[in-house]
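Here the protein sequences come in this chain order: S and E.
Each residue of the first sequence is one higher than the last, beginning at 1 in full-length UniProt numbering.
Each residue of the second sequence is one higher than the last, beginning at 1 in full-length UniProt numbering.
Protein chains: 2
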Amino acid sequence: MALKLYVDRMSQPSRAILTFCKVNGIDFEEVKIQLAKGQNFSPEYAEVNPMKQVPALVHGDFKLFESHAILIYLASAFSGVADHWYPADLQKRAKIHSVLDWHHSNLRRGSATYIFNSLIALAFGLPLNLEKAAEGEKILIASLAKIESFWLQDDGPFLLGNSQPSIADLSLVCEVMQLEVVETKDRDRILGPHKRILKWVEDTKNAAAPHFEEIHSIMSPAKDALLNLKSMAAKKEAESPGKLA
Amino acid sequence: MALKLYVDRMSQPSRAILTFCKVNGIDFEEVKIQLAKGQNFSPEYAEVNPMKQVPALVHGDFKLFESHAILIYLASAFSGVADHWYPADLQKRAKIHSVLDWHHSNLRRGSATYIFNSLIALAFGLPLNLEKAAEGEKILIASLAKIESFWLQDDGPFLLGNSQPSIADLSLVCEVMQLEVVETKDRDRILGPHKRILKWVEDTKNAAAPHFEEIHSIMSPAKDALLNLKSMAAKKEAESPGKLA
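See below:
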C-alpha cells in the first residue's frame, strides 16, 4: 500500500515523521505542502486534511493527521520498527503518551507561539507580535525547565530515563530544533542554561543519523532568509514607525 | 492492584476518567484534590504528579498523569472494557488519537482559556481577564464549528461517525460540559447554534448513564457559587473601579 506524507520541512512535526520513516526504513512519497505559500489552503489539500495543516498521511485509502497520531500509527502499522520507539508494554507506552500529551500545551505551545510571533510571522506577510512572543517564551522556558528537571531522568540519555529513543524524543527534539531559525543570541539565551537538553538533542541526532541532520539541513538557509526578512522589516519600521506591530 | 484516581470534579478531564471507570465497572478509590484550595501544590501531591495538575492515576507502583494517557491506559489495562471505547483496530485507534491530539490545541485550549478568564479565575482569587477570555472564546467557537462540520459525521451519533462512544467522546463532551458553569446567556450564545453538538452531548450522557449525570451533578452548585463570586466582584469593581482587571 502506497504511503504518502504531506509535509513542509519547516514544520517541526513534519520533520519528526520524516525522520521516523527514514530511520525505520519505511518507504514513502514526500509531498511538499509549502505553508508560506499557502499551499495548505488549496481545495485539493482540504481533501487530505480538512484542518489544513501539515503533516498528514495517506496510506492506501486511509487518511490521518496530527503528528503524534501519525507517529503512533507508523510505529504500529509497519513491521520492523524496533520496540523502543513505541513499546508494546502498556505502562511504558502510557508514559510515552503522557509525554506526548504534555507536549501539546507546554513545549509545543510555548515554542510555536514564541517563534511564530517573534520571527516566522514575517514569512506569512504578518506583523510580529512581541507581546505574544513574550508570552510564548515564558511557556517555552518553563517547559524546558520541566524537561530538564523531570522528563530527562538519570537512568538513560532519553526521555523517561530510556536508553534508546522513542517517538516522544523525536517529537520534542524536533520542536527544540525549531529554535535553530531564531537569532543565535536568542537561541543561546533560551537553550544555553539547559546543558542536559543540549546533550539530549545531540543524542537524538546521533541515534537518528544521518537522516536527522539531512532533514534538518533546511534550518540554516531558513534562518538566513528569516533574519533577512526581519532586518528588512526593521528597516521599514524605522522609515515608517508603527506599521509592523 | 489498587487503583487510585486523584481528581477534582470541577476539572473536566477528571470527570472524563471518573465517568469512564464507573461506566466500565473499574473499581477505584477517588482521592479528592481541590484545585481552588491549592491542594495540588502540596509536597505529597508532587510525589503523585510533579506537574501539580489533576487528574493523576496510581495503579500499584505505577504513576501516570495527562488524562488522555490515563484513558488509554485504563481502556488497555482493564479487561472487560468494550472495544468501542478504544478499538484494537489500528486505523480506528489512530483516528481516536487524532481527535484527542486535536483536542489539546483547539477545544481544550479555547474552552479552558475562555472559562478560566471570564469566571473561574475568581475562585482562585485572581482577577478576570476579558481580553484573554475573548481570545479563548474565538478558539472555542472555531473548535465547536469543526466538531460540528467535521468530527461529527453522518454515519452515527458519535465522533468519527461511530455508533458507540469512544474515549474521545468522553473527553470532548466533558470539556463542552464545562460551559454549564457560565451564565446561561453566554452558554446559549456559544452552544445554541450547534444543535448537532447538543445532541451529541445528550447521546454521550445517555450512553454513560447514570454515572455521567451523577459525576456532573457538581456543575449546578458550582455555577451558583461562581456567579455569586462574579456578582460580588462586580459590586467591588463598581465601588472601587480598576481593581479587578
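C-beta: ideal position from N, C-alpha, C; glycine also.
In this text, all values refer to a predicted model and were calculated from it rather than measured experimentally.
### Task
Answer yes or no: the CB of S:Leu227 versus the heavy atoms of the ligand FAD, is any distance below 8 Å?
With respect to small molecules bound, the structure shown includes none, and the ligand FAD cannot be examined in it.
### Message
Once the 5 residues before and after E:Leu74 are set aside, which same chain residues still bring their CB inside 8 Å of it?
### Response
Ile17, Phe20, Cys21, Asn24, Ile26, Leu57 and Val81
### Three-state secondary structure assigned by DSSP to S:Gln12
helix
### Query
Out of curiosity, what's the CA-to-CA distance linking E:Ser98 and S:Leu140?
24 Å
### Task
Consider the Cβ of S:Tyr6: report whether some Cβ of chain E lies at a distance smaller than 9 Å.
no
### Task
Could you have a look at S:Ala245 and say whether DSSP puts it in helix, strand or coil?
Only weak support exists for where S:Ala245 lies, its pLDDT of 46 falling under 50; the coordinates are left without a value.
### Terminal residues of the alpha helix (DSSP H) in which S:Phe65 lies
Taken as a continuous stretch (DSSP letters only), S:Phe65 belongs to no alpha helix (DSSP H), being part of the beta strand (DSSP E) at Phe62 to Phe65.
### Query
Going by alpha carbons, who is nearest to S:Ile67 out of S:Asp101, S:Glu180 and S:Asp89?
In the sequence under discussion, the amino acid at residue 67 of chain S is Ser, which differs from the Ile named in the question. Nearest option by C-alpha distance: S:Asp101.
### Neighbour-count burial assignment, S:Phe41, 16 or more Cβ in a 10 Å radius
exposed
### Task
Between the Cα of S:Asp186 and those of S:Leu122, S:Gln53 and S:Ala134, spot the shortest distance and give me the residue it belongs to.
S:Ala134
#### Entry: CA-to-CA distance, E:Gly136 to S:Ser105, given in whole angstroms
14 Å
### Message
Three or more C-beta pairs under 8 Å: does that hold for the segment 219 to 227 of chain E against the segment 180 to 196 of chain E?
### Response
yes
### Query
In chain E, which residues lie less than 8 Å from S:Glu47 when you measure between Cβ atoms?
Here the premise fails: no neighbours, minimum Cβ distance about 12 Å.
### Query
What is the DSSP secondary structure of S:His194, reduced to helix, strand or coil?
coil
### Query
Taking C-alpha atoms, which residue in S:Leu122, S:Phe65 and S:Ser149 lies nearest to S:Glu237?
S:Leu122
### Partner residues on chain E for S:His97, Cβ-Cβ distance less than 8 Å
Glu66, His68, Ala69, Ile72 and Tyr73
### Task
Verify the CB distance criterion: does S:Ala245 have a CB-CB separation below 9 Å to chain E?
Interpretation of S:Ala245 is limited by its pLDDT of 46, a score under 50 that renders its predicted location unreliable; no figure is taken from the coordinates.
### Beta-carbon separation (whole angstroms), S:His84 vs S:Gln164, contact threshold 8 Å
4 Å
### Query
So, are the CB atoms of E:Leu107 and E:Ser143 less than 9 Å apart?
yes
#### Entry: Cβ of S:Asp101 within 9 Å of any chain C Cβ
Structure shown: chain C not included; protein chains present are S and E.
### Query
Just how far apart, CA to CA, sit S:Leu90 and E:Arg93?
15 Å
### Query
For the alpha helix (DSSP H) that contains S:Glu30, what are its first and last residues?
Element bounds for S:Glu30: not the alpha helix (DSSP H) but the beta strand (DSSP E), Glu29 to Lys32.
### Task
May I ask you to report which of helix, strand or coil DSSP gives E:Tyr86?
coil
### Query
Is E:Lys230 helix, strand or coil when you go by DSSP?
helix
### Task
Locate the alpha helix (DSSP H) running through E:Ala142, then write down its first and last residues.
Leu130 to Lys146
### Query
Which chain S residues are close to E:His194, counting only those with a beta carbon under 9 Å from its beta carbon?
Under the 9 Å cutoff, chain S gives no residues; its nearest Cβ is about 17 Å from E:His194.
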